[in-house]
Every structure is written in C-alpha cells, then in structure tokens.
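**Student:**
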Amino acid sequence: MKTVEVSAQPRMERLDLKVGYACINDCKFCVVADKRKYGEKTTQQIKQELVDSYREGRREIVFTGGECTIREDILEIVSFAKEVGYLNIQIQTNGRTFSSFDFAKKMVLAGMTEFGPALHGPTAEIHDSLTRRPGSWRQTVLGIHNVKKLGIRTLANVVITKPNYKSLPELASLFVKLKIDQFQFAFVHILGNARQYYTEVVPRVSAVAPYVKKGLDIGIKAGLRVMVEAIPFCLMKDYEKYLSEFFIPPTQVKEVGWQIDKFEETRKTQGKKKFLTCVNCKWYSLCEGPWKEYPELFGEKEFKPA
Ligand code: SF4
368 MKTVEVSAQP RMERLDLKVG YACINDCKFC VVADKRKYGE KTTQQIKQEL VDSYREGRRE
428 IVFTGGECTI REDILEIVSF AKEVGYLNIQ IQTNGRTFSS FDFAKKMVLA GMTEFGPALH
488 GPTAEIHDSL TRRPGSWRQT VLGIHNVKKL GIRTLANVVI TKPNYKSLPE LASLFVKLKI
548 DQFQFAFVHI LGNARQYYTE VVPRVSAVAP YVKKGLDIGI KAGLRVMVEA IPFCLMKDYE
608 KYLSEFFIPP TQVKEVGWQI DKFEETRKTQ GKKKFLTCVN CKWYSLCEGP WKEYPELFGE
668 KEFKPA
C-alpha cells in the first residue's frame, strides 16, 4: 500500500484585502456577485487597512476583489504596500488588464511580487462561456505570458465547474506550456452567481475527482507546484498531500464593511461541513470537509470515510 507523506507548511500570516467587488468579467460562478451593492473602498481606507494589518504583524498581502486592477489607484496602493514593508504582494486577478505589457511592467515596478491569474479553461470557448466576456481568455493568456516574461512568480487559479472539469488535464498542459509556477484547482463554492446558476455550473464532486488527479499528474510531472481546494481527502486518495488544508496560511480577511481576523476558524466552523460518519475517518482531524452548501444541495453520500 502506498503511504502518503504529509506535512503542514508554515507560512507568514496573510492579509486578504478586498478592495471592492466591481469586475470586468461576470463569471457564472462568481461568489461575490451578491456583494457588488456594497461598493468600493476609498484609497484612504485601503491605505489605513494596510498600515493596521502591518502593525499587527502581517507581512503578506493579497489584493483581491472583484477585480482590483481596474481601480485607477491600483499602482498607488501597491507601491504603498511596498513602502509600508509587506514582503510578499500578490495580485489576485482575472488577468485581463495584464494583456498590456506596459501595465504589467508598471505593476511589477510598483511592487507586485506574485501574480494570481484565474483561467478556467484550455480554450476560449470554455473560459469565455464561464466569464461571459468574449475575448477574455485571449487577454488572460496574454497577461500570463507578459507577466512570466517579467520573471514574476505566477500562481494560477481554476474554479472547477460543470462546463470545464473534463478539460482540467488540457488546462494543466496549457499551464505547463505557459511556464507558470503553480496552479490550484478549487471546487466551485455555491454562493452568489454559483448559487443562482447551480444547475449549470456545479458538477458532482465524485465525477470531478479523476480529472483533477489527471490534471495534477501533468503539473507534478512538469515540476509545477499544484494544489486542490475544497475537495475532501476521501475523494483525493493518493493525492492528499496536495490538498489546501496543508498550505493555506492563517489569514485575516478585510471585506467592505467587515473583517474576519482568523478566517481559517470561520472557514472550518461556518463555511465547511463534515458529517456524522466522518468521525470514523482517518483524516478527520485534518480534513475540513466540502463547503457546506454542497451537501445541502446534493447530500453526503459521496463522502465515504477513509
Ligand atoms: S469522510 Fe469526512 S473527514 Fe473523511 S475525508 Fe471525507 S469529508 Fe473528510
């Protein structure tokens, strides 16, 4: 029997700063679609939050939204984060604005140290049907190409959905071709648009697992770092060490109007769900279970204790 070596990888505590929720895509699975009504933060608010979190000891920042790069002040706030002293500045983005090499260069000069583009299909047909923006795939791929040319560490995010799960291996091959450093497959979280369109976008997690494994194999073989989020251990046999439970650092999340200081606790106690039968599972103490909305819609039969 194959043994799986797993170890938690400690990382710096992270600030996940949502600048607002506006976006130039309108993804069918967007989890924040319901939050757009809360508006955008001001430059001053963002600067204050950066200072506060730094004073509390955080040294890693992820700018996210919505799409943070469509703000007019994005270069100003990224260079402010650098000035404050953040050591790692990640931009989570749909990647489209980076299709301008000039913009990509300005972001790097401002202080971006990590690039987190979202790509949801190996072809424009799949990706654009999910983002509902024709031409978005081409821009995102060009954006990745531009940022890689500038030598910036690139960590791609993929939301696993019904229209794209069978093409995850092809998408992994595309990531290898684009020479990215890491990719992550995250099972769709059934909130916002994903809730509204769940019959179109939410696949069965047990159907998805074999394609996720094939995609991971392609990345692993090519020497990329790979990760899986929100698929429990019982469905990822022999691939357990790639689960996000081992990687996600302690995180403070600053939304528009509220914040969560220890997101890892909220995620485990309010976001994810395990089941009565889970107490018999060897992964019980490490596993967080799926996002709770999944068993609410599809039941718990697919989750069988290891
Ligand atoms: S059976 Fe429960 S504890 Fe075990 S891996 Fe599956 S969801 Fe996690």
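Take the sequence shown: its position 70, counted from the start at 1, is 437 in the working numbering, and no numbers get skipped.
Note that CB positions come from ideal geometry on N, CA and C, so glycine has one too.
1. On the DSSP bridge assignment, give the partners of residue 457 in chain order.
2. Taking 7 Å as the cut-off, decide whether the C-beta atoms of residue 582 and residue 535 are in contact.
3. Taking the alpha-carbon positions, what's the residue 692 to residue 513 distance?
4. Among residues of its own chain, excluding the 5 on either side of residue 410, which ones have a beta-carbon nearer than 7 Å to its beta-carbon?
5. Take residue 504 as the anchor and find which of 673, 392, 458 has the nearest alpha-carbon.
6. Taking the straight line between their C-alpha atoms, what separation do you get for residue 621 and residue 388?
7. Does ligand 1 have even one heavy atom less than 6 Å from the beta-carbon of residue 536?
8. Here's the rule: buried if 16 or more other CB atoms are within 10 angstroms of the residue's CB, otherwise exposed. What is residue 369?
9. When burial is assigned at 16 or more other CB atoms within 10 Å of the CB, is residue 574 buried or exposed?
10. Residues in the same chain with beta-carbon distance under 8 Å from residue 376, minus the five sequence neighbours each way, listed in chain order, please.
11. Here's the rule: buried if 16 or more other CB atoms are within 10 angstroms of the residue's CB, otherwise exposed. What is residue 415?
12. Report the rounded CA-to-CA distance for residue 584 versus residue 628, giving the unit in angstroms.
13. Excluding the five sequence neighbours on either side, which residues of its own chain have a C-beta within less than 8 Å of the C-beta of residue 371, listed in chain order?
**Tutor:** Straight from the coordinates:
1. By 1-based counting over the sequence shown, the position of residue 457 is 90. Answer is 429, 481, bridged to residue 457.
2. Against the sequence shown, residue 582 aligns to sequence position 215. Against the sequence shown, residue 535 aligns to sequence position 168. Yes, the pair counts as a contact, with Cβ atoms nearer than the cut-off.
3. Coverage of the chain is limited to positions 368 through 673, which leaves residue 692 absent and any answer about it impossible.
4. For this step, residue 410 is matched to residue 43 along the sequence shown. Cβ within range, chain order: 440, 443, 444.
5. On the sequence shown, position 137 is the one that residue 504 refers to. It is 392.
6. For the purposes of this step, residue 621 is taken as the residue at position 254 of the sequence shown. For the purposes of this step, residue 388 is taken as the residue at position 21 of the sequence shown. Rounded to whole angstroms, residue 621 and residue 388 show a C-alpha spacing of 12 Å.
7. Reading the sequence shown from its first residue, position 169 is the one you call residue 536. It does not: the Cβ of residue 536 is nowhere closer than 6 Å to a heavy atom of ligand 1.
8. Indexing the sequence shown from 1 puts residue 369 at position 2. In this prediction, residue 369 has a pLDDT of 42, which is less than 50 and means its spatial position is unreliable; what the coordinates show is noted afterwards. It counts as exposed.
9. Stepping through the sequence shown from its first residue, residue 574 is reached at position 207. Exposed.
10. Residue 376 sits at position 9 when you count from the first residue of the sequence shown. The predicted position of residue 376 is uncertain, since its pLDDT is 49 and thus under 50; no value can be drawn from it.
11. Translated into the one-based positions of the sequence shown, residue 415 becomes position 48. Residue 415 sits exposed, since fewer than 16 C-beta atoms from the chains shown fall within 10 Å of its C-beta.
12. Locating residue 584 in the sequence shown gives position 217, counting from the first residue. Locating residue 628 in the sequence shown gives position 261, counting from the first residue. Spanning the two alpha carbons is a distance of roughly 35 Å.
13. Residue mapping note: residue 371 aligns to position 4 of the sequence shown, counting from 1. Any reading at residue 371 must be qualified, since the residue scores a pLDDT of 45, below 50, and its modelled position is unreliable; the value itself is stated next. The beta carbon of residue 371 sits closer than 8 Å to the beta carbons of 605, 607, 608 from its chain, once the five residues preceding and following it are set aside; these are given in chain order.
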